[in-house]
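This report refers to the structure that appears directly beneath it.
Numbering (my numbering), first residue to last: 69 to 575.
In structure tokens:
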């Protein structure tokens with residue numbers, strides 16, 4: 069007689085098996101109660117239901133011996149549970165093979181019958197609702213789905229469920245694209261963007277044409293950036309020195325109601341701040357006036373980011389995500405830019421007032437519909453041209469924070485040219501040494517050079533025969549003591565430290 073393979077199994081392996089340990093506990097708790105034994109048997113069969121056939125036979129043989137339960141009872145219970153579940157799912161049994169359809173197929177069918185799940189590619193979150201055409205989408209709780217599966221006799225681990233959800237079983241959903249694709253088409257006639265721009269009264273109306281151009285480009289560029297078709301490195305800034313002028317309310321209103329979940333007024337430089345660059349349509353920088361020079365300069369690197377590398381939920385490794393957000397902002401401080409090397413990323417306008425009627429007169433959805441049309445159906449140039457970049461850089465000089473170096477240079481020098489009466493050729497170090505004879509302040513040649521450039525002093529090269537090489541410097545006119553005294557009357561110059569120095573515009 070052939071040896072029974074089960075007799076060759078090491079008993080210690082069986083005793084350490086998790087399902088066998090569960091069986092030991094259940095039958096011990098059942099005692100002599102027939103009803104409790106039946107319940108224990110059903111619970112064990114539920115856990116065995118989706119195991120491979122060979123594994124099921126192994127457990128049937130071991131348990132029938134150990135707990136004195138006929139194999140046929142196990143087999144009948146397994147068959148009943150399987151048929152009940154397949155009937156609930158509307159699935160047919162493969163009669164030829166005697167097996168149900170694959171477990172993953174049954175799980176997919178079960179989930180589809182009870183839930184509608186989508187993956188929001190903007191928020192990087194799974195969203196779900198009941199499959200009843202009435203329930204709203206909510207943040208998916210995978211534990212609830214797993215519980216539902218187990219209640220319907222599916223032995224499906226959480227790891228498998230997460231793998232299934234991360235596959236193409238779950239459709240991807242982009243709420244920003246959906247908003248624009250479902251907008252009522254622009255009528256092709258009404259200039260909603262131009263009309264909206266008229267509700268902003270500028271301090272200098274000679275800037276009106278530039279404002280209208282930059283305003284329209286801001287809308288179209290924002291859509292292109294959020295569609296990952298282009299990179300928006302600019303921030304659109306409104307400046308008004310008075311409080312409660314309505315600039316913050318206006319910038320908030322620019323975001324459509326259907327995209328309010330993708331509007332933020334919080335921006336940090338930590339991991340959460342970097343993720344927010346990929347999860348928002350608009351970020352409103354509403355605290356520019358309270359930011360330090362370091363924070364303003366740090367924003368430059370944020371505006372320059374087109375991608376972010378972070379680890380998102382359900383992922384084991386960092387993922388490279390496209391930046392989708394667009395920046396707007398406001399400040400009541402006219403001089404807030406601090407980067408002496410250039411501020412081309414900031415598109416700034418000083419406003420006089422805002423006509424609040426825009427809320428009643430203008431449909432913001434139609435404004436965005438026009439911008440969407442311009443992006444898709446015309447050759448509209450939404451990026452700044454070389455001429456516009458130069459124009460913007462010149463305009464931004466008005467918003468640059470004046471440094472002590474700038475104040476002191478203006479007190480002592482004015483730009484000149486070679487050959488002009490009284491013109492002298494000075495290096496940045498020469499100018500630094502001269503200024504330090506006037507004030508006791510820690511200054512550097514580098515900062516002097518930056519200040520000279522901002523103030524319009526052209527850097528040139530001059531051959532120095534006595535030195536035998538070319539020197540870089542500036543043609544300047546050194547002001548007389550009387551002229552310097554007049555400048556001093558216009559400026560308050562600190563002789564202790566830069567931190568204690570109160571600087572005021574000289575004119």
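All C-beta atoms in this analysis are idealised placements derived from N, C-alpha and C, irrespective of residue type, glycine included.
Cutoff 6 Å; reference residue 187; Cβ partners in own chain excluding five residues on either side:
Closer than 6 Å at the Cβ level, and outside the excluded window around residue 187, lie 194, 238, 240.
Can the beta-carbon of residue 361 be found less than 8 Å from the beta-carbon of residue 406?
The Cβ atoms of residue 361 and residue 406 lie closer than 8 Å to each other.
With 16 other CB atoms within 10 Å as the buried threshold, where does residue 302 fall?
Classification for residue 302: buried.
Rounded straight-line distance, which links the Cα of residue 380 to that of residue 100:
The straight-line gap from Cα to Cα measures roughly 52 Å.
So, with DSSP's three-state summary, where would you put residue 209?
Residue 209: coil per DSSP, three-state reduction.
Contact set for residue 366: own chain, Cβ-Cβ below 8 Å, skip 5 residues either direction:
337.
Where do the N-terminal and C-terminal ends of the beta strand (DSSP E) with residue 274 fall, by residue?
Note, residue 274: premise wrong, no beta strand (DSSP E); not H, not E.
Roughly how many angstroms lie between the CA atoms of residue 113 and residue 176, to the nearest whole one?
Distance between the alpha carbons of residue 113 and residue 176: 22 Å.
In or out: residue 543 buried (at least 16 other Cβ within 10 Å) or exposed?
Buried: at least 16 other Cβ atoms inside 10 Å.
DSSP state of residue 436, grouped into three classes?
Of the three classes helix, strand and coil, the one that applies to residue 436 here is helix, per DSSP.
When 299, 320, 313 are compared against residue 576, the one with the closest alpha-carbon
Past the edges of the chain, shown from 69 to 575, lies residue 576, and the structure says nothing about it.
Is it right to say residue 205 is buried, meaning 16 or more other beta carbons lie within 10 angstroms of its own, or is it exposed?
Answer is exposed; the Cβ neighbour count stays below 16.
Cutting at 6 Å between CB atoms, please list the residues of its own chain near residue 217, excluding the five before and the five after it.
Excluding sequence neighbours, residue 217 sits near 224.
Please name the residue in 491, 185, 310, 170 whose C-alpha comes closest to that of residue 236.
The shortest Cα separation from residue 236 among 491, 185, 310, 170 belongs to 185.
Excluding sequence positions up to five away, which residues of its chain have a Cβ less than 6 Å from the Cβ of residue 476?
Apart from sequence neighbours up to five positions away, the residues of its chain that approach residue 476 with a beta-carbon distance below 6 Å are 503, ordered along the chain.
Hey, how far is the Cα of residue 316 from the Cα of residue 201?
Whole-angstrom Cα-Cα distance: 38 Å.
Cβ distance (whole Å) where residue 287 is taken to contact residue 353 below 8 Å:
Residue 287 to residue 353, Cβ: 18 Å. No contact.
So what does DSSP say about residue 447, is it helix, strand or coil?
DSSP places residue 447 outside both helix and strand once states are collapsed to three, so it counts as coil.
Taking the CB atoms as reference points, tell me whether residue 87 and residue 127 lie closer together than 8 Å.
The criterion of a C-beta distance shorter than 8 Å is satisfied by residue 87 and residue 127.
Among 244, 220, 242, 210, nearest to residue 228 - alpha-carbon criterion:
For the residues 244, 220, 242, 210, the minimum Cα distance to residue 228 belongs to 210.
Roughly how many angstroms lie between the CA atoms of residue 130 and residue 226, to the nearest whole one?
Between residue 130 and residue 226, the C-alpha separation is close to 28 Å.
Please work out which residues of its chain come closer than 8 Å, Cβ to Cβ, to residue 425, disregarding the five sequence neighbours upstream and downstream, and give them in chain order.
Taken in chain order, the residues that qualify are 267.
Could you give the first and the last residue of the continuous beta strand (DSSP E) run that contains residue 492?
Residue 492: member of the beta strand (DSSP E) spanning 491 to 494, first to last residue.
Exposed unless 16 or more other CB atoms sit within 10 angstroms - verdict on residue 312:
Burial call: exposed.
How many Å lie between residue 132 and residue 179 at the Cα?
Cα atoms of residue 132 and residue 179: separation of roughly 34 Å, rounded to the nearest angstrom.
Compute the Euclidean distance between the alpha carbons of residue 486 and residue 545, then round it to the nearest angstrom.
Going from the Cα of residue 486 to the Cα of residue 545 covers about 10 Å.
Please classify residue 530 as buried or exposed, where buried requires at least 16 neighbouring CB atoms within 10 angstroms.
Under this definition residue 530 is an exposed residue.
Under a Cβ-count criterion, where at least 16 other Cβ atoms within 10 Å of its own Cβ denotes burial, should residue 471 be classed as buried or exposed?
Within a 10 Å sphere around the beta-carbon of residue 471 sit 16 or more other beta-carbons, which makes this residue buried.
If you drop the 5 nearest sequence neighbours on each side, which residues of the same chain put their C-beta closer than 7 Å to that of residue 520?
Around residue 520: 477, 496, 542.
Proximity winner among 109, 291, 151, relative to residue 349 (alpha-carbon distances):
Per the Cα distances, 291.
Going by alpha carbons, who is nearest to residue 215 out of 334, 393, 182?
Checked all of 334, 393, 182; the closest Cα to residue 215 is 182.
For the alpha helix (DSSP H) that contains residue 133, what are its first and last residues?
Start and end: 121 to 135.
For residue 293 and residue 527, what's the separation of their Cα atoms in angstroms?
Taken atom to atom, the span from the alpha-carbon of residue 293 to that of residue 527 is near 38 Å.
Between residue 522 and the rest of its own chain, which residues show a CB-CB distance below 8 Å, the 5 nearest in sequence each way excluded?
Only 408, 465, 468, 474 meet the Cβ criterion.
Residue 412 versus residue 308: straight-line alpha-carbon distance, rounded
Roughly 20 Å separates the two Cα atoms.
Backbone CA spacing between residue 436 and residue 248 [nearest angstrom]
Each residue's alpha carbon lies about 8 Å from the other.
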